[in-house]
Amino acid sequence: MSSTPQPSQKRQATLTSFFTPKAPTNGLLANSEPSSSPGEESSFGLPQSSKKRTLEADKESNEKQIKTNCGTISKTDETANASNKRARKEAQDTENVAIRDPTASIASSHLRSSGRARRYLYNANGSRAEAKSHDKENDQKSGNDNDHGNDPEHDRPLEDYEGEEAEDENDTVTKRDKEELHRRFVKRLGHPDSVTQIKRRCFALSSNDDDAVAGPAAGYDGEEDANGAEEYGEPPQVKSAVAKKSGIGKLTPMEVQFLTIKRQHLDTILVVEVGYKFRFFGEDARIAAKELGIVCIPGKFRYDEHPSEAHLDRFASASIPVPRLPVHVKRLVAAGHKVGVVRQMETAALKKVGDNRNAPFVRRLTSVYTKGTYIDELGELENNNGSNGAATATSACGYLLSITESNVQNGGTDEKVDIGILAVQPATGDILYDTFEDGFMRNEIETRLLHISPCELLIVGDLSRATEKLVQHLSGSATNVFGDRTRVERLPRGKASAAEAYSHIAEFYAGKLARRTSNGKEEASSVPHDHNAALLEEVLRLPESVTICLSAMITHLTEYGLQHLFNLTKYFTSFTTRQNMLLNGTTLESLEVYRNTTDHGIRGSLLWALDKTQTRFGHRLLRKWIGRPLLDRSALEMRMAAVAELRVAAGSSRREKLERVLNGTKTDLERSLIRIYYGKCTRPEFVVVLQDLQRVASEYAFAQEKPAEAGFASILVRDALAALPAIRTTVVAYLDRINGEAARRDDKYEFFREVEESDDITNHKVGIAAVELELDEHRTTIGETLRNKKTAAPPPYVTVAGIEYLVEVPNADLRRVPASWIKISGTKKVSRFHTPTVVELIKERDQHKEALAAACDAAFADLLKSVAACYQPLRDAVAALATLDCLLSLARVAALPGYVKPTLLPSTLDADGTSMPPTLDIRGGRHPIAEHMLPSGYIPFTTRLAGPAPRALLITGPNMGGKSSFVRAVALLTLLAQIGSFVPAEAMSLTLVDAIYTRTGARDNLFAGESTFMVEVSETAAILRAATPRSLVVFDELGRGTSTHDGAAIAQAVLEHVVCETQCLTLFITHYQNLGRVAEALGPPTGLVQNVHMRFTATKPKTSFRLHASDHGGDNANGTEEITFLYEVGQGVAHRSYGLNVARLAHIPQRVLDVAFLKSRELEENMRMRRLRAAAWLTIKILNGSDGVDQTDYLLSSSDQL
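For the record, in the sequence shown the residue sitting at position 859 is 859 according to full-length UniProt numbering, with numbers rising by one throughout.
Pasting the structure below:
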């Protein structure tokens, strides 16, 4: 039995000879030969007896110095004994036999090279040692090779394998030279134990010699062999002036190629396809290693010839496997980077037969991605198709927003500006635009940014300081209000940018119309020419600032190959419309419509509470509904009727069928359709999309002609169901052209049905079949060569390690193998070969295969273009399905306990158009978000606001008593009612409000240099300018950012203005008790303002009493009073805020609380004495008869406060 050495032992033996600068022969042999038991063969097939004799012979020989550099071995033995010299000639003949017969035993005192290692052997002068051809004499001697196993004359060192050319050469190397060589070797490889680096260097050196035989498997290593010299070879000596000037003389051709592309895209991380890996170079490798957690091999990080890196001649690099490319690109994009993919544009097989076979592979930048332009592939979408897990990041929206700004004439510097925006969602094809005038607070642009939540900003030209600071504040933080860091890019804007923009847009659309007109086939399948011309005219009518943004966005998306998005002009939508309410940015934040204000997550927001959708495109539509409440009463009533009908239909077969259709839709159809439109769709994704659309259309095939049979009376539901079967014919026609099973396997060769295949595909398939037939017939010739009897069956081909069409020959029959056959691999029993005919036929077959792959890809691209022509009807069907999903989501919310349908009151009383005063009446209402978050539920409230009275509520009460929660609940219930949802209340009726404005919380605005009070009054000023009599306005503790007197004065003035001048519905929270006099002054008989407070109980030791509006009460002597919040709305004013109670709940030290209690009592007593002295003085004046009426009213008010 022979002992097979472990791979690690072979590797160690090879490494020792490579990097050991000085080692005795015996030491090298000891490291090279693994230990084995007596009687067993060594790792190279040598008997143990022969090995021992070899050791003894080496002891008698002179000490040799060995110099190694990737297979180069230098001899230093000048006094070799006579026995070794006599063995050289015999060893040469034995080596020739060993190449033919691997079973032959060749005794050696050094490493015996295997079949694979022989391709790396070098002579002493550094040139390749070529294997001798096998002649007949060697064939005859091969039978006696085993006899040399016991012949001591046959033992010889490894250098004898270098050929007869090195017999008489004596290369003496000094110790200094060897150490310098060793240092260079370690520097080049990084560390001496790197087997991979040794193999790479040896392979590169062997590839530089075109005439050298690279081993039996040369030419069959696929991509690695085809471009090995290019990727890993020694850098060529670039002598051109251009190369010297650019500083690339030390780089390989592939690195020069990379550097050329990189200098054109310095802001992009390039992922370069190199063989079977994707690689990063330079600074890109450092970034990739940090973001992806992969290894970065040290080297040059800069892309210029900086002196600090002059000692380096290779770029730093990192690599990832090809199958993991989408995952890693997505991670880099999510981190905010711009990523470009550089691919090889030619294959190994076609390159070998081409004119550029010796040139580097052609590479081009094929794809560029950023946050806004990266569209997920089917396999990369989140596993949870339900939307509750789908909108956890900004990518749920994925808008790119272009913004430009110009100063308003006579508006002052940084005061009023004209702003134009254009927002594009590449994942769905939606386009929003708007132009508006904004004030110095930039409330309008903030509102739009918060609504759109862009993941990428394109700034055209310069922005004013106020706008720039706002953009930086909203996009600069990793946990900002957008939910993620926003990428910002900038484009310059020239003086004639408006004229240039119009010219650019006209040229863009006119070119598409011309192409459609010149191609009759394309024109027949596209939108009619007249309609396109009308759309072009409509685009050119856009405002000037929007046109500038559109031109910039077209240029920007062209880099990513997404410019075709603007062909879909049907989906151009104005941001502001008369049919929808516009919630400003402050309202979105304070009411937590999209995200909570704690961690900016979706949990705890109104969207989270209402989102019961089953599809991702349904979630996106619901988000639009929530942010844009309806102002059209008829549309709102239709939506409410649909929700009510679906709610009643719970458990019925018609609703279960609809839910089953939505549950079966596992694909984001909206996103996948736009990927088809862009031509970026994969085959598995394509077939899944078509099959989903076919299933949906087939379920309601009858609804197009007989919508009543669907079982729903709602017009909105009927129209949506009728839109589904309209696409059935188109989808079935495309499905009939493809093979579904092959498409799911991503089998490009069998993707099309046979009758639908193009001529190129058919021709190449026939060519492959013909080559395979020739290969099969060639077996007969092989059999005749290897045997004497022609009647025996031809030998079969075998496939080993992915190498096909191998001829397996027993080692005992190797004499019959012709010299022209190429050995690929072997074992102890058999050897495997390729015949020259097999080599040529395999090359021909590979050429056909790669040409077939290109033809299949081209045919699939043509199919995608054909489907893209039908994008709009397919998209309309998906939009109808999204509407049904949203209605079902609202129906599920409506089915929750305690939800009722709100009643919409008419805005006019009669046919004459007499306006009805705005009304908001809620009975038993609850907070729609808090009741889901609180384990104990939410305490209901009842309130009424109506014209003429009460038009406003002045709300007081203790801190933490529930005032802010109450006013937010009122605003949220109003918002729910106007999106068509049921509300959590016993009953609710309202007239439609045109806007909801809020001024809540205390926050500064450091990015704009504004204090807390400045933010308060600025937001208040914006509300006073924009509010109408049909608006709902919420003020929360206005004036607390300044002194008590100034704050109270501003709060009173604002309250009187909104009640008397604006006459809107108002909820006003304050801790200024003297504002209660405003309510009394505006009270009977008008009753415009009503005083209410949040009820509570104050508990003393052994005593408990309840405070109402009329209870002035007070703390007992020792101040141990405790407050219990009831969270109910009561009538009247709460004259104390009980701030010390909140301080106690916050665990302020008791010593501090005691001092605060004494100071509070002292201040209250001082204030009471002032009021008492004022009352006494007024009483004297009244008795004296001066200004009696006015002073009497003030005296009565002061008496009440006392």
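All residues carry an ideal CB built from backbone N, CA and C; glycine is no exception.
Review point. Is H764 helix, strand or coil by DSSP?
Key: The answer is helix: DSSP assigns H764 an H, G or I state.
Practice item. Tell me, please, whether the stretch 430 to 438 touches the stretch 683 to 697 by the rule of three or more beta-carbon pairs shorter than 8 Å. Key: Not touching, per the Cβ criterion.
Practice item. Within 10 angstroms of the Cβ of E456, are there 16 or more other Cβ atoms? Answer buried if so, exposed if not. Key: By the neighbour-count rule (16 or more Cβ atoms within 10 Å), E456 is buried.
Review point. DSSP state of Q1131, grouped into three classes?
Key: Shown here, Q1131 sits in a strand according to DSSP, grouped into three states.
Point to revise | Closest residue to T667 among F712, F617, F702 (Cα-Cα distance) | key: The shortest Cα separation from T667 among F712, F617, F702 belongs to F617.
Check your understanding: Can you tell me whether I761 is buried or exposed, with buried defined as 16 or more other CB within 10 angstroms of its CB?
Key -> Buried, because 16 or more other Cβ atoms sit within 10 Å of the Cβ of I761.
Review point. Given that a residue counts as buried once 16 or more other Cβ atoms are within 10 Å of its Cβ, and exposed if not, what is L806?
Key: When all chains shown are included, L806 counts as buried.
Point to revise | Limits of the unbroken beta strand (DSSP E) element including residue 1260 | key: Outside the displayed span of the chain (1 to 1202) sits residue 1260, for which this structure offers no information.
Exercise for review: Could you tell me the distance, in whole angstroms, from the CA atom of N1184 to the CA atom of N959?
Suggested key: Their Cα atoms are separated by approximately 44 Å.
Exercise for review: Please classify H834: is it buried, with 16 or more other beta-carbons within 10 angstroms of its beta-carbon, or exposed?
Suggested key: Flag for H834 reads buried.
Review point. How long is the line joining the alpha carbons of A1051 and R1030, rounded to whole angstroms?
Key: Rounded to whole angstroms, the separation of the alpha carbons of R1030 and A1051 is 21 Å.
Point to revise | Stretch-stretch touch, CB-based, cutoff 8 Å, three pairs: the stretch 1017 to 1027 with the stretch 954 to 968 | key: The stretch 1017 to 1027 makes no contact with the stretch 954 to 968; the number of CB pairs closer than 8 Å stays below 3.
Check your understanding: Quick one: any contact between the stretch 929 to 946 and the stretch 1071 to 1078, if contact means 3 or more CB pairs under 8 Å?
Key -> With a cut-off of 8 Å, the stretch 1071 to 1078 and the stretch 929 to 946 do not count as touching, because too few Cβ pairs lie within range.
Check your understanding: So T785 and R815 are in contact, right, with Cβ under 8 Å, and what is the actual spacing, rounded?
Key -> With a Cβ gap of about 12 Å, T785 and R815 do not count as contacting.
Practice item. Pull up the CB-CB distance for A839 and I822, whole angstroms please, since I reckon it's below 8 Å. Key: One point to set straight first is that residue 839 is Val, not Ala, in the sequence displayed. Confirmed, about 7 Å.
Check your understanding: Relative to the ligand FAD, is the shortest distance from any of its heavy atoms to the C-beta of A1134 smaller than 8 Å?
Key -> Here there are no bound small molecules, and the ligand FAD is not part of this structure.
Practice item. Pull up the distance between the alpha-carbon of residue 1212 and that of C549, whole angstroms please. Key: What the structure shows of the chain is the stretch from 1 to 1202, and residue 1212 is not part of that stretch, so it cannot be assessed.
Review point. For P984, which beta-bridge partners are listed by DSSP?
Key: Paired residue(s): Y899.
Check your understanding: If we count the other Cβ atoms within 10 Å of its Cβ and call it buried at 16 or more, is D862 buried or exposed?
Key -> Exposed, by the Cβ-count rule.
Practice item. Rank L365, M254, H337, V295 by C-alpha distance to the C-alpha of R314 and give the top, closest one. Key: For the residues L365, M254, H337, V295, the minimum Cα distance to R314 belongs to M254.
Practice item. Please state if the CB of M988 and the CB of D885 are separated by a distance shorter than 9 Å. Key: No, they are not a contact pair.
Review point. Do you know how far the Cα of F751 is from the Cα of L735?
Key: Taking the straight line joining both Cα atoms gives about 11 Å.
Point to revise | Residue nearest to residue 1205 in terms of C-alpha spacing, selected from H182, S406, H1135 | key: The requested residue 1205 does not occur in the structure, where the chain is confined to residues 1 to 1202.
Exercise for review: Pick out whichever of I419, R603, L630, H927 has its Cα sitting closest to the Cα of V460.
Suggested key: It is I419.
Review point. What residues in its chain sit with their C-beta under 8 Å from that of A1048, if we drop five residues either side in the sequence?
Key: Correct list, in chain order: G1039, Y1072, N1074, L1075.
Exercise for review: Tell me whether the beta-carbon of Y797 lies closer than 9 Å to the beta-carbon of L775.
Suggested key: L775 is positioned such that its CB atom lies closer than 9 Å to that of Y797.
Point to revise | L1153 vs L1140 beta-carbon contact at 9 Å | key: In contact: L1153 and L1140 (Cβ atoms closer than 9 Å).
Check your understanding: Leaving out the 5 sequence neighbours to the left and right, which residues in its chain are closer than 7 Å to R633 when beta-carbon positions are compared?
Key -> Answer for R633: L904, L992, listed in chain order.
Review point. Considering only residues of the same chain and omitting the five flanking positions on each side of T260, which have a CB-CB separation below 6 Å?
Key: So the list is empty, once near-sequence residues are dropped.
Review point. Can you give the beta carbon distance from R493 to T404, rounded, assuming they're within the 8 Å contact cut?
Key: With a Cβ gap of about 7 Å, R493 and T404 count as contacting.
Exercise for review: Out of Y502, Q1150, E804, Y374, point me to the one whose CA is closest to E544's CA.
Suggested key: Answer by Cα proximity: Y502.
Point to revise | Residues near A713 in its chain [Cβ-Cβ closer than 7 Å; skip 5 each side] | key: If we look at A713 and ignore the five residues flanking it on each side, its Cβ neighbours are E645.
Check your understanding: Taking the C-alpha atoms as reference points, what is the distance between I996 and E446?
Key -> Using only the alpha carbons, I get a separation of about 16 Å.
Exercise for review: On a CA-only basis, which of L270, Y276, K277 is nearest P286? Give me that one, please.
Suggested key: According to the sequence displayed, residue 286 carries Arg and not Pro. Nearest neighbour of R286 by Cα position, chosen from L270, Y276, K277, turns out to be L270.
Check your understanding: Can you tell me whether DSSP reads H182 as helix, strand or coil?
Key -> DSSP, read as helix, strand or coil, puts H182 in helix.
Point to revise | Beta-bridge partners of R279, as assigned by DSSP | key: According to DSSP, which records beta bridges pairwise, R279 is partnered with V272, S319.
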